[in-house]
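Structure, as structure tokens:
Residue numbers (full-length UniProt numbering): 1 to 741.
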């Protein structure tokens, strides 16, 4: 059996420097085993004392059925540590063994296992009384090539079957990272991603270094949020939402262009295809700094629509390369073109040509205006003059009116007198209104030249708010009507909400559609809404927002292709803390009543603690408030008076009970109109002049409370820079509200 093992392994006997013997320890058995080794190795031809013999039985005795596996473990550890263990209690060699006939000897001191011309190798023998004999040859692991360079940020996913096990696993990983800072964080993340089963209770952390990870896992970081959630879903259905004009801003996706090759590949492809239509390289705008010059260029409709399509299409392809495949899609005006392209209705080249032509034609239109109004369609329509139209129904009580500037101004004045909230949107034209009719025939001629196919992926139509039909998608007139008619986004959300468990992913800049979706009542129960890219006022790296979005999708049960996420990069799995199984006692306790103990009482000697009410850390909601929605981060109660004050203001304005210090105002359903109320109440409560920008740069309770401490005091009854605040609000409304194609 030893000779057969050598032949199967195709190794020369002289390359083996350690044998873990069966080692019976008998006067007859040991000589027979060494004789067999000499015969198999061709002992006369090998150098003397070149191969050490050992036997684990000398340490712990006979092991019966476990003898072979224990010897295998010992030899494996010797290779791992590159040391040759001593043989205990060895004094004199067995006189019946012909040591001089072979290379074998016994060592009594721990020795370093020196490297030779060949890899370190060991043999392990195990012989059974019934004739089941085995010999295996082990070889040290080859040197691993170092891991490839990695992303600047890593995503650490953790999961467990219970919340307590998840906490224990988090603590174990933090302790491990503290002790093993030399292990590449990218390999730690890779091991957690591909080497662990996804269980019900989940937690993710986006971090940039081992120290960063340790602080985030222990809660010591002020910049890293440990996001938590639970789901029993596997392969939760994801819906892509594509925003429309108004969401664009300079440098949107610039960070992703630098860090994500797939995103860069598709942006480059779109930019090259668009250059003949636009007369410029769109990448100049997408990578330009966020200044007034770049902003002014992106306000041109022909550039804005092309830029939005490019970024949204490239981002969708990036998500899909990571295994996030959409079950369904919906766009807002120009965003529907991205959905149609991904669905196969339009080829990429045809979609880009149509988007460029559409934007150029719309830019030729005379000046128009658009007004966001906090009213439903039925109440608003009787107030419209003949030249005004409802351009978009974004939420049950939020519509957009479009038309000539003077007509829009008159409607605004009337609504203001009646106490209806409304804001003029920052647009140059009156999209989705009669003012676009002069270009419809020219656009129709262009669409008729394009090949329109049956959609392969379902998406919701802006015209109907229902699923697109093959007949609609293939009809050129549909796309002409799409340019002119109202965008029925809110009815589209209702259509999506009929199926429970859907996860909505906004695939584009900002959080416009996410905000609308979070405020939408869903008959099938609350859905998870995730944003992919930052708001232009947020001082967060693009990569961090994207990775937190990926983590949020995983928390919600979406399937992630982690190998697709890593692409062709070489990563290694590393040894990490194992699962913290929760030991439970299953002894049957004595019958308390049988022992004559009064009902409801338990003797202390039985070790049963008195019943208590579990503390959740959240107060019961009263009739005027709603429970805290399901968020990515766990609830953490306010720690000081300042945080209590800020949390109380969030609760009052949003109508939510129990807001935690890491809860994001906008993820709770806040928007710019509510932000003004928050700022006003914080000013009244703290006596501090608070800029509205503060809430966008740091939208959590903890961040707002921290910023409050550094602002100057102002008497509560003073009105600080009201005109400037209103101007800022108008700008925020422009950025947050879908206003056009």
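Heads up, the beta-carbon is just placed ideally off N, CA and C, and yes, glycines get one too.
When the five nearest sequence neighbours on each side are left out, the beta carbons in the same chain lying within less than 8 Å of the beta carbon of residue 455 are those of 340, 343, 344, 345, 468, 470 and 473, in order along the chain. Taking C-alpha positions only, residue 23 is separated from residue 173 by approximately 41 Å. Relative to residue 227, the option among 545, 413 and 106 whose CA is nearest is 545. In the displayed model, residue 691 falls within coil according to three-state DSSP, outside both helix and strand.
For the pair of segments examined, the region 387-402 was found not to touch the region 437-450: the number of CB pairs separated by less than 8 Å stays below three.
In this structure, residue 368 lies near residue 403, with their beta-carbon atoms less than 8 Å apart. Residue 503: member of the beta strand (DSSP E) spanning 503-506, first to last residue. Note on residue 581: under 16 other CB atoms within 10 angstroms of its CB, so exposed under the neighbour-count rule. Residue 330 sits close to residue 239, with the two beta carbons spaced by under 8 Å. Non-local C-beta neighbours of residue 59 in its own chain, meaning closer than 8 Å and more than five positions away in sequence, comprise 88, ordered along the chain. Counted as a single uninterrupted DSSP element, the alpha helix (DSSP H) harbouring residue 321 occupies residues 301-321.
Residue burial is scored here from C-beta neighbours: residue 120 has at least 16 other C-beta atoms within 10 angstroms and is therefore classed as buried. Contact between residue 311 and residue 509 holds: CB atoms are separated by about 7 Å, below the 8 Å threshold. A distance below 8 Å separates the beta carbons of residue 48 and residue 103. For residue 335, the number of other beta carbons within 10 angstroms of its own is at least 16, and it is reported as buried. The three-state secondary structure of residue 248, taken from DSSP, is coil. Going by DSSP, residue 650 is part of the alpha helix (DSSP H) stretching over 641-654. Per DSSP, reduced to three states, the secondary structure at residue 190 is helical. In the structure shown, residue 635 falls within a coil segment according to DSSP collapsed to helix, strand and coil. Residue 260 and residue 484 have their alpha carbons spaced roughly 37 Å apart. One thing to note: residue 307 has its Cβ no nearer than 8 Å to the Cβ of residue 318. Of all alpha-carbon atoms in 417, 413, 433 and 418, the one lying nearest the alpha-carbon of residue 424 is that of 413. Shown here, residue 420 sits in coil according to DSSP, grouped into three states, outside any helix or strand. Annotation for residue 135: the continuous beta strand (DSSP E) segment containing it runs 133-139. By the beta-carbon neighbour count (other beta carbons within 10 angstroms, threshold 16), residue 111 is exposed.
Taking the Cα positions, residue 536 is about 33 Å away from residue 478. Counted as a single uninterrupted DSSP element, the alpha helix (DSSP H) harbouring residue 257 occupies residues 254-259. Following the DSSP letters along the chain, one finds residue 197 in no alpha helix (DSSP H), marked with neither H nor E. Scanning its chain for C-beta atoms nearer than 8 Å, with the 5 sequence neighbours on each side dropped, one finds around residue 63 the residues 56, 57 and 70, in chain order. Taking the Cα positions, residue 170 is about 46 Å away from residue 132. Excluding five sequence positions before and after residue 139, the CB atoms of its chain that fall closer than 6 Å to its own CB belong to 119 and 121, given in chain order.
Check the Cα spacing between residue 633 and each of 481, 532, 661 and 641: the tightest is with 661.
Here residue 520 really is in contact with residue 493; their C-beta atoms are around 5 Å apart, less than 8 Å. When Cβ pairs closer than 8 Å are counted between the two stretches, the region 239-259 is seen to touch the region 489-508, the count reaching three or more. Looking at the DSSP output, residue 531 shares a beta bridge with 506.
Within the DSSP bridge table, the entry for residue 664 names 700 as partners.
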